[in-house]
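J.: Have a look at this one before I ask anything.
In our numbering, the protein residues as written are 14 to 426.
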């Protein structure tokens, strides 16, 4: 039995179930009388629950096996869709908390389980398997988003049934084999070694920094990209239009991942530089969304943004799989996720002045997306930065910062 294949199929069904409502989630709830303010609070609760539990769930996955963490994720996902079938203010919030718990258990557990079933453990081979798995997930999201657009009011019931199917398939996949390379003791036996492993390496520092700054600010865009397009005629309230936009995002992620995996990435030395390049392209594309009033240009910019961030995520996770011991991988990924969700939760709860929902202006996160990659790029290329390099960096920081803050404070709608 090919357990790696079964794992990918189960992951396909899992993502298909989750993304049936991905493009029209806000529209469905608003049509049933749930205001956007409640959805925002619920999403903040989702991030908070995920943030509080992501590290304990990662430790559970490392200690007992990713299979048990994935099973828990499926169970909480089933509860999530159960609460959304007949949504009220309270049920939506409780459901999103269950969703956050499910995401916490799933985070890191799937990747470490996938890596454990991979024969060769070098970062290039790990990237190949991870990218292939995520490309399958992108297709699941495309089909889920397309079908979900036309399913309508029964979409949460279908998701619940499919999540149960995913759980059944996951149960047939073997647990990863235990790794006895390291001997760890004490109450912090998973967290401290995992964090030390990340912090002691340049690529680990890259992961920690980008996960907090970039991963955190991305939460605003992931949660509220749909209302951004409401300003365009014909899109506001249209499930079909949002569904097609969402599918365009996922197809871009699919083709970007496949392009890099098959034609661009040739050796492990390229991975860190390709990652930095992906972040910079994502920064530029996001900048374009702030000042453009063209519908096609906005879609193209968001597509490029999502494609580049997905490719960067694949590259970073593959490198983590090589530098972190197999018994600590779920915990390490959970640490990275915790950093991003900490900032993301803060922005969603207290960021009314940062992102005004009436304008959907994503100017503020661009400050992070532009400069964090530049600083990380400098750090990972050289252990010690020369004076010229530092001067160039701070001049570019000042020049672009003034321009971006001017855009953010403008009357762009």
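All C-beta atoms in this analysis are idealised placements derived from N, C-alpha and C, irrespective of residue type, glycine included.
Can you say whether residue 332 is buried or exposed, counting buried as having 16 or more other CB atoms within 10 angstroms of its CB?
T.: With 16 or more Cβ atoms within 10 Å of its Cβ, residue 332 is classed as buried.
J.: Do you know how far the Cα of residue 113 is from the Cα of residue 107?
T.: If you take the alpha carbons of residue 107 and residue 113, they lie about 10 Å apart.
J.: For residue 185, tell me which candidate among 149, 20 and 355 has the shortest Cα-Cα distance.
T.: Among 149, 20 and 355, the Cα nearest to that of residue 185 is on 20.
J.: Please confirm whether residue 352 and residue 217 have their CB atoms less than 8 Å apart.
T.: Contact: no.
J.: Ignore the nearest five residues each way along the sequence and tell me which others in residue 125's own chain have a CB closer than 6 Å to its CB.
T.: So the list reads 79, 342 and 343, once near-sequence residues are dropped.
J.: Given residue 64, which residues of its chain have a CB within under 7 Å of its CB, disregarding the five upstream and five downstream residues?
T.: The answer, listed in chain order, is 351, 354, 355 and 358.
J.: Given this structure, state the Cα-to-Cα distance separating residue 273 from residue 225, to the nearest angstrom.
T.: Using only the alpha carbons, I get a separation of about 25 Å.
J.: Going by CA-CA distance only, name the one from 130, 334 and 204 that's closest to residue 70.
T.: The candidate whose alpha carbon is nearest that of residue 70 is 204.
J.: Between the beta-carbon of residue 235 and the beta-carbon of residue 151, is there less than 8 Å?
T.: In this structure, residue 151 does not lie closer than 8 Å to residue 235 by Cβ.
J.: Given that a residue counts as buried once 16 or more other Cβ atoms are within 10 Å of its Cβ, and exposed if not, what is residue 241?
T.: Residue 241 should be labelled buried.
J.: Inspect the CB distances between the stretch 24 to 33 and the stretch 173 to 180 and report whether three or more fall short of 8 Å.
T.: With a cut-off of 8 Å, the stretch 173 to 180 and the stretch 24 to 33 count as touching, because enough Cβ pairs lie within range.
J.: So, at 7 Å on beta carbons, what are the nonlocal neighbours of residue 142 in its own chain, with the 5 sequence-adjacent residues on each side left out?
T.: 127 and 131, listed in sequence order.
J.: Assuming residue 206 is part of the alpha helix (DSSP H), what are its boundary residues?
T.: Per DSSP, residue 206 belongs to the alpha helix (DSSP H) from 204 to 212.
J.: Report the residue ranges of all alpha helix (DSSP H) runs contained in full by the stretch 93 to 139; include only those spanning at least 4 residues, in chain order.
T.: Runs found: 102 to 119 and 122 to 129.
J.: Among 92, 120 and 135, which one has its Cα closest to the Cα of residue 337?
T.: For residue 337, the nearest C-alpha among the options comes from 135.
J.: For residue 308, tell me which candidate among 246, 340 and 117 has the shortest Cα-Cα distance.
T.: The shortest C-alpha separation from residue 308 is found at 246.
J.: Using C-beta distances below 7 Å, list every residue in its chain close to residue 148, excluding the 5 sequence neighbours before and after it, in chain order.
T.: The answer, listed in chain order, is 267, 270 and 271.
J.: Helix, strand or coil, according to DSSP, for residue 306 in the structure here?
T.: Coil.
J.: Give a yes or no on whether the C-beta atoms belonging to residue 47 and residue 239 are separated by under 8 Å.
T.: No, the Cβ-Cβ distance between residue 47 and residue 239 is not below 8 Å.
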